[in-house]
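Participant:
There are 2 protein chains.
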Amino acid sequence: MAKGKNKATNSTTQVRIGGVGGQGIVLAGRLLGRAAALFDGKEAVCTQSYGPEARGGASRSDVVISNQPVDYPYVLKADILAVLFQEAYTRFRDRLAPGAMLIADSMLVQPFEDEEEDVYTVPATQIAEELGGRMVANIVMLGYLIEKTGVVSRESLEQAIRTSMKQQHIEIDMKALDAGINYARSEAGA
Amino acid sequence: MAKGKNKATNSTTQVRIGGVGGQGIVLAGRLLGRAAALFDGKEAVCTQSYGPEARGGASRSDVVISNQPVDYPYVLKADILAVLFQEAYTRFRDRLAPGAMLIADSMLVQPFEDEEEDVYTVPATQIAEELGGRMVANIVMLGYLIEKTGVVSRESLEQAIRTSMKQQHIEIDMKALDAGINYARSEAGA
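In the order they appear, the protein sequences are chains A and B. Under my numbering, residues 1 to 190 are what the first sequence spells out, in order. Under my numbering, residues 1 to 190 are what the second sequence spells out, in order.
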């Protein structure tokens, strides 16, 4: 996948979002999938696996987005890996495709000193707290992710939020989305 | 899959829950998957596919529950199909495994006159309304489903609800679960 603000040029993009229970990891994946399929005209499959791994602590949500029907919904090598929890980082960091983008919450994840991948960091949880609550850190992360990768359009993600979330949450979700996008833009201009 | 209140004896059970946006279909699948994997000691994969189909109106949530790691998470032939919306019934009714159990919300689904499958009906939405709101029809349906099939234990589903839902929703969710289980039991004794 091309880095920077480009539409992914290959036809299938594998996205993994990793975190811990209560961070809205599954919801984040679902919003991304719905944005892609319902509003960007693509196909998307969201998968959550529960097993011995899930009993550990790290949770994950996988989204495969494609121009064609998705034959195989498991994420084998992520093109985009976003992590909001240290254990999710340590567990999933070795499953990246060449040229993948690894994004980490800068408050909750400390990348290894010998990490070979470029790690993009965003203070998603800190920004969320400033907006009113940690529960929107997942949306801040999504804003950053889509601005950096273009995997779905901002308009489609906004529509997915409007049609998925309860009315009383939409305002703060939109602020969180804006904040994530703006953080990515401020980096680009720095 | 054996009908009646038995543990499924084959190692993999494919469950599909079909409905329409706003019915909590994805949540129902997730609760089932978490109950199986986190509290029943099995493996579970939950999948939501979004595509041209999702743009139609019927939504679905697939859960594969197994004693072993799940190689293929798509539901090809459902062992259990629960539908809470007419279009979900018409769309998914032909994807049943031999001996499958088809469960329909009796208020929202009208089975075809020439339906060859035995259709189990439960007034999940009506029961939910009596409890205080349609939003728990999905939990009533789950109660009925687990009592009829034994695919996960009641205790595990209760734990999944307690650890997944917001505190203020747990009481009504538990009532909804009880109501679904009791409806199934009253049928069995009729």
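Cβ coordinates follow ideal geometry from the N, Cα and C atoms, glycine included.
Anything in chain C within Cβ reach of Thr47/B, meaning under 9 Å, just list it in chain order.
Facilitator: The displayed structure is made up of protein chains A and B, and chain C is not among them.
Participant: Hey, could you find the ends of the beta strand (DSSP E) Glu117/B is sitting in?
Facilitator: From DSSP, Glu117/B is part of no beta strand (DSSP E); its letter is neither H nor E.
Participant: On a Cα-Cα basis, can you pick out the residue from Cys46/A, Gln86/A, Asp79/A that is closest to Arg95/A?
Facilitator: Considering only alpha carbons, the answer is Asp79/A.
Participant: Could you spell out the range, first to last residue, of the beta strand (DSSP E) harbouring Leu96/A?
Facilitator: Element bounds for Leu96/A: 96-105.
Participant: Compute the Euclidean distance between the alpha carbons of Asn6/A and Gln168/A, then round it to the nearest angstrom.
Facilitator: Legend: pLDDT at Asn6/A = 43, less than 50; position of this residue unreliable, no value from coordinates given.
Participant: Count Cβ pairs between the stretch 84-101 of chain A and the stretch 58-72 of chain A that sit closer than 8 Å; are there 3 or more?
Facilitator: Touching, per the Cβ criterion.
Participant: Could you check whether the Cβ of Arg30/B sits closer than 8 Å to any Cβ belonging to chain A?
Facilitator: Yes, because at least one Cβ of chain A sits closer than 8 Å to the Cβ of Arg30/B.
Participant: Quick one: list the residues of chain A neighbouring Arg194/B, beta-carbon separation under 7 Å, in chain order.
Facilitator: In the structure as shown, chain B begins at 1 and stops at 190. Residue 194/B is therefore absent and cannot be evaluated.
Participant: To the nearest angstrom, how far is it from the Cα of Lys3/A to the Cα of Glu116/A?
Facilitator: Residue confidence is low: Lys3/A scores 43 on pLDDT, short of 50, so the model does not pin down where it sits. Its coordinate-derived value is still stated next. Cα-Cα distance, rounded: 16 Å.
Participant: Quick test of the definition: if touching needs 3 or more C-beta pairs under 8 Å, does the stretch 159-167 of chain A touch the stretch 116-127 of chain A?
Facilitator: With a cut-off of 8 Å, the stretch 116-127 of chain A and the stretch 159-167 of chain A do not count as touching, because too few Cβ pairs lie within range.
Participant: Which residue comes first and which comes last in the alpha helix (DSSP H) that contains Ser156/B?
Facilitator: Where Ser156/B is concerned, the enclosing alpha helix (DSSP H) stretches over 154-164.
Participant: Within its chain, find whatever has a CB closer than 6 Å to the CB of Pro73/A; leave out the 5 residues flanking it on each side and keep chain order.
Facilitator: Answer for Pro73/A: Val45, Thr47, Val64, listed in chain order.
Participant: Check each candidate in Gln110/B, Met174/B, Val70/B, Phe112/B and name the one with the smallest Cα separation from Ala137/B.
Facilitator: Nearest of Gln110/B, Met174/B, Val70/B, Phe112/B to Ala137/B, Cα basis: Met174/B.
Participant: For Ala184/B versus Glu147/B, is the C-beta distance shorter than 8 Å?
Facilitator: Yes.
Participant: So with CB distances below 8 Å, who are the chain A contacts of Val26/B?
Facilitator: In chain order: Arg30.
Participant: May I ask you to report which of helix, strand or coil DSSP gives Tyr50/B?
Facilitator: In the structure shown, Tyr50/B sits in a strand (DSSP, three-state: E or B).
Participant: Based on DSSP bridge pairs, tell me the residues matched to Ala58/B.
Facilitator: BP columns for Ala58/B point to Val20/B.
Participant: When you check each C-beta in the stretch 65-92 of chain A against every C-beta of chain B, which residues fall closer than 8 Å?
Facilitator: Result list: Pro69, Val70, Pro73, Tyr74.
Participant: In whole angstroms, what is the alpha-carbon distance linking Arg93/A and Pro111/B?
Facilitator: Taking the straight line from one Cα to the other gives about 49 Å.
Participant: What does the alpha-carbon distance come out to for the pair Val70/B and Ala36/B?
Facilitator: Roughly 13 Å between the two C-alpha positions.
Participant: Between Leu38/A, Glu171/A, Ser156/A, Leu142/A, which has its C-alpha nearest Val26/A's C-alpha?
Facilitator: With distances taken between Cα atoms, Val26/A lies closest to Leu142/A.
Participant: Cα separation between Gly19/A and Leu102/A?
Facilitator: Computed Cα separation, rounded: 13 Å.
Participant: For Asp40/A and Ala100/B, what's the separation of their Cα atoms in angstroms?
Facilitator: The straight-line gap from Cα to Cα measures roughly 36 Å.
Participant: Please state if the CB of Val151/A and the CB of Val15/A are separated by a distance shorter than 8 Å.
Facilitator: In contact: Val15/A and Val151/A (Cβ atoms closer than 8 Å).
Participant: Starting from the C-beta of Gly189/B, find all residues in its chain whose C-beta is less than 6 Å away, skip the five residues before and the five after it, and write them out in chain order.
Facilitator: For Gly189/B, where only same-chain residues beyond five positions count, there are no Cβ hits under 6 Å.
Participant: Within 8 Å (strictly less), CB to CB, does Ala8/A reach chain B?
Facilitator: Summary for Ala8/A: the model assigns pLDDT 45, below 50, so the residue's position carries little reliability; its value from the coordinates is reported in the next sentence. Cβ-Cβ to chain B under 8 Å: no for Ala8/A.
Participant: Is the beta carbon of Leu131/A sitting closer than 8 Å to the one on Ala179/A?
Facilitator: Yes; because the gap between Cβ atoms is below 8 Å, this pair is in contact.
Participant: Taking DSSP as the reference, what is the three-state secondary structure of Leu81/A?
Facilitator: Strand, per DSSP.
Participant: Quick one, which of Arg134/B, Ser164/B, Glu129/B, Pro123/B has its alpha-carbon nearest Leu145/B's?
Facilitator: Closest option to Leu145/B, Cα to Cα, is Pro123/B.
Participant: Can you tell me the Cα-Cα spacing of Lys166/A and Gln68/A, whole angstroms?
Facilitator: Taking the straight line joining both Cα atoms gives about 31 Å.
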